[in-house]
Amino acid sequence: MKTFFRFYGWSSAFALVALAVSFWLGYQSGGTLGAGVSLLFTALMLGILETSLSFDNAVVNAKILETMPPFWRKMFLTIGILIAVFGMRIVFPIVIVWLVSSLPFDAVLAMTWQDPHAFQKIIIDQNVVISGFGGAFLWMVFFRFFFDPHKDIHWVPGLERNMSRLGRLEGVWVV
Numbered sequence: 274m275k276t277f278f279r280f281y282g283w284s285s286a287f288a289l290v291a292l293a294v295s296f297w298l299g300y301q302s303g304g305t306l307g308a309g310v311s312l313l314f315t316a317l318m319l320g321i322l323e324t325s326l327s328f329d330n331a332v333v334n335a336k337i338l339e340t341m342p343p344f345w346r347k348m349f350l351t352i353g354i355l356i357a358v359f360g361m362r363i364v365f366p367i368v369i370v371w372l373v374s375s376l377p378f379d380a381v382l383a384m385t386w387q388d389p390h391a392f393q394k395i396i397i398d399q400n401v402v403i404s405g406f407g408g409a410f411l412w413m414v415f416f417r418f419f420f421d422p423h424k425d426i427h428w429v430p431g432l433e434r435n436m437s438r439l440g441r442l443e444g445v446w447v448v
């Protein structure tokens, strides 16, 4: 048990405090015990989702990190984590709303805490544009993987061998 708390003590304490705060915020905004439990449950589910996605990313990152020199490993683990946590979860949504709306950046930034429903409406109204960008990015990652001429393991051998041969052509995964 000592080992658990040595490795996970601070993160467990932070998670419990975050869950307590989510319950309190739900109770304060809704005025009922049910509202508090509802927000607590939402925060718990998002925490589980975030943890599962983090494990998935950790596997990919470990594969990348083993090929890096120690200096770049340290940079990846410090600056890269900051970008992943704060950049993609806080800055990126604000930049997306700024790009798809006609509002100035400072107005979008203020909207995040002054009028979150308007912020949400912009994201929902621009769902096709945002999803199109995300889908195009995922297709590009997919094709980059399947057109990789250097990979040795093929999950779908017939298809992947042919696609990896095409991967010898420069930039074919972008087309």
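Quick note on numbering: the sequence shown equals residues 274 to 448 in my numbering.
Glycine included, C-beta positions come from ideal geometry on N, C-alpha and C.
Owing to the predicted nature of the structure, the values given are computational and were not obtained by experimental measurement.
{"Item": "Stretch-stretch touch, CB-based, cutoff 8 Å, three pairs: the segment 365–378 with the segment 335–346", "Value": "no"}
{"Item": "Enclosing alpha helix (DSSP H) for I364 [first to last residue]", "Value": "The residue asked about is misnamed: residue 364 is Val in this sequence, not Ile. From DSSP, V364 is part of no alpha helix (DSSP H); its letter is neither H nor E."}
{"Item": "Proximity below 8 Å, CB of A316 to CB of S295", "Value": "yes"}
{"Item": "Pairwise C-alpha distance: F419 and I426", "Value": "11 Å"}
{"Item": "Residue environment, F392, which counts as buried when at least 16 other CB atoms sit within 10 Å", "Value": "buried"}
{"Item": "Counted within 10 angstroms of its Cβ, other Cβ atoms place L355 as buried (16 or more) or exposed", "Value": "exposed"}
{"Item": "G449 - containing alpha helix (DSSP H), residue span", "Value": "Coverage of the chain is limited to positions 274 through 448, which leaves residue 449 absent and any answer about it impossible."}
{"Item": "Opening and closing residue of the alpha helix (DSSP H) in which K424 lies", "Value": "Careful: K424 lies outside any alpha helix (DSSP H) and carries neither H nor E."}
{"Item": "T385: first and last residue of the uninterrupted alpha helix (DSSP H) it sits in", "Value": "F378 to Q387"}
{"Item": "Collapsed DSSP secondary structure at V333 in the structure displayed", "Value": "helix"}
{"Item": "Cα-Cα separation between G440 and T276, rounded to whole angstroms", "Value": "47 Å"}
{"Item": "Three-state secondary structure (DSSP) of G304", "Value": "coil"}
{"Item": "Other residues of its chain near G320: CB distance less than 7 Å, five sequence neighbours each side excluded", "Value": "A288"}
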